[in-house]
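See structure below.
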Amino acid sequence: MRLIVARCEVVYSGRVSAVLPEAVRLLILKSDGSVLVHDDAGGFKPLNWMTAPTFVADEGDKLVVTKPKTEDQLEIRLIEVLSDVEHDMGESAALQKDGVERDLQEALAATPEALGEPLTLVKREWATEIGPVDLMCKDAGGEWVAVEVKRIGTIEAVEQLTRYLAFIREDPAKTGCRGILVAERLKPQAVALAESRGMRAVAVELAVLRGEREPDLTLFAA
Amino acid sequence: MIESETTVGADLKITCSKDELVQGLSVVGRALSTRTAIQILSGILLEASGGQVRLAATDMELSVRAVVAAQVEGEGSVVLPGRTLVDIARLLPAAEVTLEHRAAESVVHISSGSASYTLQTFNAEDFPRLPDFAESETFSVARGPLLETITRVARAASRDEARPVLTGVLVQFAGDKLVMAATDSYRLAVKETALGGAAPDLEAIVPSRALQELARIAGDVDEIAVGVQENQVLFAVGDVWLTTRRIDGQFPNYRQLLPESFEHELMVPRAELLDVVRRAHVMIQRATPLQLRFADGEVTVVARTHDVGESRESMPVPFTGEPLEIGFNAEFLRDGLESVDGDDVKFKLISSLRPAVLEGEDDFTYLVMPIRLPG
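Here the protein sequences line up with chains A and B, keeping their order. For the first sequence, numbering that gives the first Met the number 0 begins at 0 and goes up steadily by one. For the second sequence, numbering that gives the first Met the number 0 begins at 0 and goes up steadily by one.
So this is what it looks like as structure tokens:
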């Protein structure tokens, strides 16, 4: 990645014409070909940019960025270069989000009893021909329980669990398999549909499951 | 009583008092749907016949109907965009207003003094058929006790639609007594009220929102008629009908939530404590708990929000024994203190992790769970 801090003027031509008058700006030239022009205000969004693929012609006192097969062109006139550095950023690593379904699934696998009944985990990602069931558990009576984990429990999630249950129950040993939809936030329609189909819908909090926070004190288990 | 049949097809034409129309529209406008997915639910139905125009609106959970006296030159029905109609009616310049439906053009022409409007109509045939209580038995309840009970209890109901039963108020008529209970699982409000006359025994879970709307529209009548069907409940306030669906499900057994004994029972000046809590509430943000530190002869109320600041205020209370520090949701505590009746509130405490109870001078009980305090 090349980072240039320069007093410059930027002229865009293509579908429209636009000029950024002379000022000090940060130019980011990524190795994937994208080019971004930032100033020190206006939030995270660049003042001007061109997405990859691009061709960058460095003509010393100006950079000319063009996009193949289009008329788009970014001409950056460099009046005074204050800094011009290039870094090897190595391999790209994807953004790691916390609080996604996988985190909930892991936390519930460690504490299945958080679903409000004494459950024992049999397997995470229980494979079926129509997709993996998030958690397959057994209840205190030895009956199978399929648990579908979502961040937000919607009608679609109930439908998904319904399909899994229909498939699982085809196995004579699992005809009594029950379903539990668990989510950090449950849509009322999903709760109604789940209950009408004999499934439980349970809301959980990741921080509570992980023991990072005590659960709220309530008058009764809602 | 209001007929609920809709006469479709004829061209409605009425002239009526602007003030009465505004009053009627404002009342039924409370039931307009805010969801735009079903357009007809954003409309107000007008049905004209027999010297009156009947107004109705519904969001499918709640419906409100009202009657306005009118000179009817053309009988019929039409549905108009509700919010726009209410806004127009309020601003009309003259004492009388004429509405004329021109069905062939799908418009209603509204004129009043120098002002005239042409408003596109919705199809009246699409308007939902509202519950018909004409044949149902109703009984009358004195307005004062009914509304007082609603006002003090309904705010404890949940707003979380994922738990429908908790969004409702348990309403029980038993002999000459009315009992209402509401809980969102963090607090419970229960009130028993003497009705001054017998009512039929019945029990229903009624949406809290419907009861709060009833309290708003109840006006100054002496009595409110109540009717209960399998799935619907009716409240009739004079010529205004409010119907609401009953909520299915099992209401929590609230009686078993009430602790039998307490460590401390303090009589505290209600208004003084309420003022302290209100002042502290200003400093509460991001659901931080309000801290009550009970020590010999006083309670100190502390509100502290990180990055915002802190407030601290003490007042004398007849507390003795080991100091007790307990946290509450400030809004819930304020609601409880506002709902209790009387100069003094009886503050009943067990421990920092057990429910506290507020009681006043009548049969009202407010139970509130504490919040764990950090550290």
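Cβ coordinates follow ideal geometry from the N, Cα and C atoms, glycine included.
**Request:** Determine the direct distance from the alpha carbon of residue 91 of chain B to that of residue 114 of chain B, and round the result to whole angstroms.
**Result:** Here residue 114 of chain B corresponds to residue number 115 of the second sequence, with the count starting at 1. Here residue 91 of chain B corresponds to residue number 92 of the second sequence, with the count starting at 1. If I take the Cα positions, the gap works out to 7 Å.
**Asked** Where does residue 274 of chain B fall in DSSP's three states?
**Response** To locate residue 274 of chain B, count along the second sequence from 1; it is residue 275. Note: residue 274 of chain B maps to helix in three-state DSSP.
**Prompt:** According to the neighbour-count rule (16 or more other Cβ atoms, all chains shown, within 10 Å of its Cβ), is residue 174 of chain A buried or exposed?
**Reply:** As a working note, residue 174 of chain A is residue 175 in the first sequence. Exposed, because fewer than 16 other Cβ atoms sit within 10 Å of the Cβ of residue 174 of chain A.
**Message:** Could you tell me which whole beta strand (DSSP E) segments of length 3 or greater appear in the stretch 100 to 147 of chain B?
**Reply:** 106 to 111, 114 to 119 and 137 to 141
**Prompt:** Can you round the beta-carbon distance between residue 81 of chain A and residue 4 of chain A to whole angstroms, since I take them to be within the 8 Å contact cut?
**Reply:** Residue numbering aside, residue 81 of chain A sits at position 82 when the first sequence is read from its first letter. Residue numbering aside, residue 4 of chain A sits at position 5 when the first sequence is read from its first letter. Between residue 4 of chain A and residue 81 of chain A the Cβ distance is about 5 Å, and since that is below 8 Å, they are a contact.
**Prompt:** residue 62 of chain B lies in the beta strand (DSSP E); which residues open and close that run?
**Reply:** Mapped onto the second sequence, residue 62 of chain B falls at position 63. Here the beta strand (DSSP E) through residue 62 of chain B covers 61 to 73.
**Closest Cα partner of residue 199 of chain B within the set B/346, B/226, B/33 and B/167** = Position 200 of the second sequence, counted from the first residue, corresponds to residue 199 of chain B. Residue B/226 is the option with its Cα nearest to residue 199 of chain B.
**Asked** So which residues of chain B does residue 43 of chain A contact, with C-beta pairs closer than 9 Å?
**Response** For the purposes of this step, residue 43 of chain A is taken as residue 44 along the first sequence, with counting starting at 1. Within chain B, no residue comes near residue 43 of chain A; the closest Cβ sits about 23 Å away, beyond 9 Å.
**Prompt:** Does residue 130 of chain B come within less than 8 Å of chain A when only Cβ atoms are used?
**Reply:** On the second sequence, residue 130 of chain B is found 131 positions in, with the first residue counted as 1. Under the Cβ criterion of 8 Å, residue 130 of chain B is not counted among the residues facing chain A.
**Prompt:** So residue 244 of chain B is in the beta strand (DSSP E); what residue range does that whole segment cover?
**Reply:** Here the question's residue 244 of chain B lines up with position 245 in the second sequence. First-last of the beta strand (DSSP E) with residue 244 of chain B: 239 to 244.
**Message:** Distance cutoff 8 Å, beta carbons only. Does residue 368 of chain B sit that close to anything in chain A?
**Reply:** On the second sequence, position 369 is the one that residue 368 of chain B refers to. Chain A, which has a Cβ nearer than 8 Å to the Cβ of residue 368 of chain B, makes this yes.
**Asked** Between B/319, B/44, B/288 and B/146, which lies nearest to residue 370 of chain B when the distance is taken from Cα to Cα?
**Response** As a position in the second sequence, residue 370 of chain B is number 371, starting the count at 1. The option with the nearest alpha carbon to residue 370 of chain B is B/288.
**Asked** Using a Cβ-Cβ cut-off of 6 Å (strictly less than) and excluding sequence neighbours within five positions of residue 2 of chain B, which residues of its own chain qualify?
**Response** Taking the second sequence and counting its residues from 1, the one referred to as residue 2 of chain B is at position 3. The predicted model places residue 2 of chain B with a pLDDT of 43, which falls under 50 and marks its position as unreliable; any figure quoted below should be read in that light. Contacts found: none.
**Asked** Along chain A, in chain order, which residues have C-beta atoms closer than 7 Å to that of residue 209 of chain B?
**Response** Position 210 of the second sequence, counted from the start, is the residue given in the question as residue 209 of chain B. Under the 7 Å cutoff, chain A gives no residues; its nearest Cβ is about 17 Å from residue 209 of chain B.
**Request:** Please state if the CB of residue 187 of chain B and the CB of residue 116 of chain B are separated by a distance shorter than 8 Å.
**Result:** In the second sequence, residue 116 of chain B corresponds to position 117, counting from 1. In the second sequence, residue 187 of chain B corresponds to position 188, counting from 1. For residue 116 of chain B and residue 187 of chain B, no; Cβs fall outside 8 Å.
**Asked** Can you tell which of A/19, A/149, A/43 and A/35 has its C-alpha closest to the C-alpha of residue 101 of chain A?
**Response** One-based indexing of the first sequence puts residue 101 of chain A at position 102. Selected option, being the one with the closest Cα: A/149.
**Message:** Considering just the uninterrupted stretch of the beta strand (DSSP E) at residue 178 of chain A, what are its terminal residues?
**Reply:** Here residue 178 of chain A refers to the residue found at position 179 of the first sequence. 177 to 185 is the extent of the beta strand (DSSP E) around residue 178 of chain A.
**Request:** Return the CA-CA distance between residue 214 of chain B and residue 141 of chain B, expressed in angstroms with no decimal places.
**Result:** Taking the second sequence and counting its residues from 1, the one referred to as residue 214 of chain B is at position 215. Taking the second sequence and counting its residues from 1, the one referred to as residue 141 of chain B is at position 142. If you take the alpha carbons of residue 214 of chain B and residue 141 of chain B, they lie about 13 Å apart.
**Prompt:** Hey, is the stretch 169 to 181 of chain B in contact with the stretch 146 to 160 of chain B, meaning 3+ C-beta pairs nearer than 8 Å?
**Reply:** yes
**Asked** If you run the structure through DSSP and keep just helix, strand and coil, what is residue 285 of chain B?
**Response** Mapped onto the second sequence, residue 285 of chain B falls at position 286. If DSSP states are grouped into helix, strand and coil, residue 285 of chain B belongs with coil.
**Message:** Does the CB of residue 371 of chain B have a neighbour CB from chain A at under 8 Å?
**Reply:** As a first step, residue 371 of chain B is located in the second sequence; it is residue number 372 there, counting from the start. It does: the Cβ of residue 371 of chain B has a partner Cβ on chain A nearer than 8 Å.
**Message:** Less than 8 Å between the beta carbons of residue 100 of chain B and residue 120 of chain B, yes or no?
**Reply:** Reading the second sequence from its first residue, position 101 is the one you call residue 100 of chain B. Reading the second sequence from its first residue, position 121 is the one you call residue 120 of chain B. Going by C-beta atoms, residue 100 of chain B is nearer than 8 Å to residue 120 of chain B.
**Message:** If contacts are defined as beta-carbon pairs under 8 Å, then residue 53 of chain A and residue 63 of chain A qualify, I think. What distance do you get, rounded to the angstrom?
**Reply:** For this step, residue 53 of chain A is matched to residue 54 along the first sequence. For this step, residue 63 of chain A is matched to residue 64 along the first sequence. Going by Cβ atoms, the distance from residue 53 of chain A to residue 63 of chain A rounds to 10 Å, so no, they are not a contact pair.
**Message:** Please report the distance separating the alpha-carbon of residue 68 of chain A from that of residue 155 of chain A.
**Reply:** Here residue 68 of chain A refers to the residue found at position 69 when the first sequence is read from its first residue. Here residue 155 of chain A refers to the residue found at position 156 when the first sequence is read from its first residue. Going from the Cα of residue 68 of chain A to the Cα of residue 155 of chain A covers about 42 Å.
**Message:** What does the alpha-carbon distance come out to for the pair residue 79 of chain B and residue 43 of chain B?
**Reply:** If you number the second sequence from 1, residue 79 of chain B lands on position 80. If you number the second sequence from 1, residue 43 of chain B lands on position 44. Going by the C-alpha atoms only, they are around 5 Å apart.
**Item:** Closer than 8 Å to chain B by CB, residue 187 of chain A
**Value:** On the first sequence, residue 187 of chain A is found 188 positions in, with the first residue counted as 1. By this cut-off, residue 187 of chain A is an interface position.
**Message:** Run through chain B and tell me which residues come within less than 8 Å of residue 217 of chain A, C-beta to C-beta.
**Reply:** Mapped onto the first sequence, residue 217 of chain A falls at position 218. Result: 184, 185 and 368.
**Residues of its chain near residue 236 of chain B, where Cβ-Cβ distance is below 7 Å and the 5 sequence neighbours each way are ignored** = For the purposes of this step, residue 236 of chain B is taken as the residue at position 237 of the second sequence. Excluding positions up to five away in sequence, the list reads 216, 217, 218, 220 and 223.
**Message:** For residue 251 of chain B, would you say it is in contact with chain A, using Cβ-to-Cβ distances shorter than 8 Å as the test?
**Reply:** As a first step, residue 251 of chain B is located in the second sequence; it is residue number 252 there, counting from the start. Taking Cβ atoms only, chain A reaches closer than 8 Å to residue 251 of chain B, which makes this a yes.
**Item:** Contact belief for residue 404 of chain B with residue 112 of chain B at Cβ below 8 Å, rounded distance in angstroms
**Value:** Only positions 0 to 374 of chain B appear in the structure, and residue 404 of chain B is not among them; the question remains open.
**Request:** Jot down the residue ranges of each uninterrupted alpha helix (DSSP H) in the stretch 125 to 170 of chain A, minimum 4 residues, whole runs only, in chain order.
**Result:** 154 to 167
**Item:** Coil, strand or helix - residue 44 of chain A by DSSP
**Value:** Here the question's residue 44 of chain A lines up with position 45 in the first sequence. It is coil, neither helix nor strand.
**C-beta neighbour in chain A for residue 256 of chain B, strict 8 Å** = Position 257 of the second sequence, counted from the first residue, corresponds to residue 256 of chain B. Taking Cβ atoms only, chain A reaches closer than 8 Å to residue 256 of chain B, which makes this a yes.
**CA nearest to the CA of residue 129 of chain A, picked from A/109, A/139, A/161 and A/112** = Translated into the one-based positions of the first sequence, residue 129 of chain A becomes position 130. It is A/161.
**Spatially closest choice to residue 205 of chain A from A/171, A/131 and A/107, by CA coordinates** = For the purposes of this step, residue 205 of chain A is taken as the residue at position 206 of the first sequence. Checking every option, the nearest Cα to that of residue 205 of chain A belongs to A/107.
**Message:** For a contact defined as C-beta to C-beta under 8 Å, what are the partners of residue 202 of chain A on chain B?
**Reply:** For the purposes of this step, residue 202 of chain A is taken as residue 203 along the first sequence, with counting starting at 1. Under the 8 Å cutoff, chain B gives 161.
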